[in-house]
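Engineer: So the mapping is simple: this note's numbering equals the position in the sequence shown, first residue as 1, plus 1369.
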Amino acid sequence: MESWVKSLIEIMRGSLNANGLPIPMDKAYCSEWAKDLNIPRGGSTIIYTSCLYQMAPMINELVPWIEKVRGSSLSTLASAVSRVGLGGVLSKFAGLVIKPDKSDIDRANGIVRNIAKALMKAGINFGFLYEDEPYSGALLHEIGAEDAFLEYFENTVLKTFRKYGIKRVITIDPHTHNVLVNVAPNYFKLDFEVVSYLDLIKNIKVRPRISGDVVIHDSCLYARYLNKYDVYRSILDNAGIKHVESPMITGREASTCLRRTT
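#1: Could you give the first and the last residue of the continuous beta strand (DSSP E) run that contains V1552?
#2: Give the DSSP-derived three-state secondary structure of H1612 in the structure shown.
#3: Using CA atoms only, rank isn't needed, just tell me which of G1513, S1376, Q1423 is closest to D1470.
#4: Just how far apart, CA to CA, sit E1520 and D1475?
#5: Whose CA, out of V1481, M1394, T1414, H1510, lies closest to the CA of K1468?
#6: Are A1403 and F1497 close, meaning C-beta to C-beta below 7 Å?
#7: So, for D1501: in the same chain, excluding its five sequence neighbours on each side, which residues have a beta-carbon less than 6 Å away from its beta-carbon?
#8: Here's the rule I'm using: 16 or more other beta-carbon atoms within 10 Å means buried, otherwise exposed. How should V1548 be labelled?
#9: I'd like to confirm the pairing. Which residues does DSSP put opposite Y1417 in its beta bridges?
#10: Looking at C-alpha atoms only, which residue of V1563, N1555, D1405, K1532 is the closest neighbour of T1540?
#11: Would the segment 1583-1590 count as touching the segment 1558-1572 if we require 3 or more Cβ pairs under 8 Å?
#12: Would you kindly report the start and end of the unbroken beta strand (DSSP E) that includes S1472?
#13: Nearest-angstrom Cα distance between P1543 and Y1591?
#14: Which same chain residues, not among the five before or five after P1503, have their C-beta less than 7 Å away from its C-beta?
#15: Just to confirm the assignment, what range does the alpha helix (DSSP H) spanning E1562 have?
#16: Return the residue from the list M1427, L1567, A1485, S1413 that minimises the CA-CA distance to K1536.
#17: Measuring alpha carbon to alpha carbon, tell me which of C1420, L1605, L1509 ends up nearest A1397.
#18: Leaving out five residues on either side along the sequence, give the residues of the same chain with a beta carbon under 6 Å from the beta carbon of D1582.
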């Protein structure tokens, strides 16, 4: 394994140990969305955000490098790394705590808040762990740091869920859902149910805030591996929103996934 890949893994592990996130960002951003919604702390059923939406802009900076690691031999990357440089990206993660753009945080909080409100409209009762919510570890798994992922998941995610007596977890993003239903059960016995928010809100009636047709850009995990391909289409149908299928960016096979290597 190349030294810069090891450095990236160690930076993520260090950040997880320091502030509970793989990105050195203030964890307080993760629960801002819940302000004034009066969601109880804990409970047997929780909404599990994994702070994914808030971290997404920084994680997106890593995606091109993760794709290269997954899709190419590491030995072929040496010239590309020296030419383009990963140092700029790594320095952001290894330096001081990152302060995300306010617009990014506001957008992320708006998305999570709307999901929570949709669940409430569907009659779902749930709690939230607030500052005690653990990150899922999905990014460690997706960059191939399996040992680090397993150690973290067992000692942090499972330990926290058991502490709170969690029996049902409502996920709101495909990466967290994939980790809980397709990855972790291969190594651990999970004593809680996992359900995607998409399955819980698919039958509610909503008033669309957009007009005209929309083109769906399928999520790789939702489309290929989590059997949600038709679920979010049915949500659009229920809202009276016409969706256009483009053979270039929609469909189970057109959706782009990071490729695992052995």
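Backbone N, C-alpha and C fix where the C-beta goes; we use that ideal spot for every residue, glycine too.
Quick caveat: nothing in here was measured; it's all calculated off a predicted structure.
Structural biologist: In short, the structure shows the following:
#1: If you look at V1552, you'll find it isn't in any beta strand (DSSP E); DSSP assigns it neither H nor E.
#2: H1612: strand per DSSP, three-state reduction.
#3: Taking only the C-alpha atoms, the option nearest D1470 is Q1423.
#4: E1520 and D1475: Cα-Cα distance of roughly 32 Å.
#5: Answer by Cα proximity: M1394.
#6: Against a cut-off of 7 Å, the Cβ pair of F1497 and A1403 comes out as a contact.
#7: No residues qualify anywhere along the chain.
#8: Burial state of V1548 is buried, judged by a 10 Å Cβ sphere holding 16 or more other Cβ atoms.
#9: DSSP lists T1540 as partners of Y1417.
#10: T1540 has its Cα closest to that of V1563, out of V1563, N1555, D1405, K1532.
#11: Using a Cβ-Cβ distance cut-off of 8 Å, the segment 1583-1590 and the segment 1558-1572 are not in contact, since fewer than three pairs of beta carbons, one from each stretch, lie closer than that value.
#12: Counting along the chain, no beta strand (DSSP E) covers S1472; the unbroken alpha helix (DSSP H) around it starts and ends at 1471-1490.
#13: Straight across, the Cα-Cα distance linking P1543 with Y1591 is about 6 Å.
#14: Result list for P1503: G1389, T1525, V1526, T1529, in chain order.
#15: Not the alpha helix (DSSP H): E1562 falls in the beta strand (DSSP E), residues 1562-1565.
#16: For K1536, the closest C-alpha among the options M1427, L1567, A1485, S1413 is that of S1413.
#17: Measuring from the Cα of A1397, the nearest candidate turns out to be C1420.
#18: Setting aside the 5 residues that flank it on each side, D1582 is surrounded in the same chain by K1611, V1613, each with a C-beta closer than 6 Å to its C-beta; the list follows chain order.
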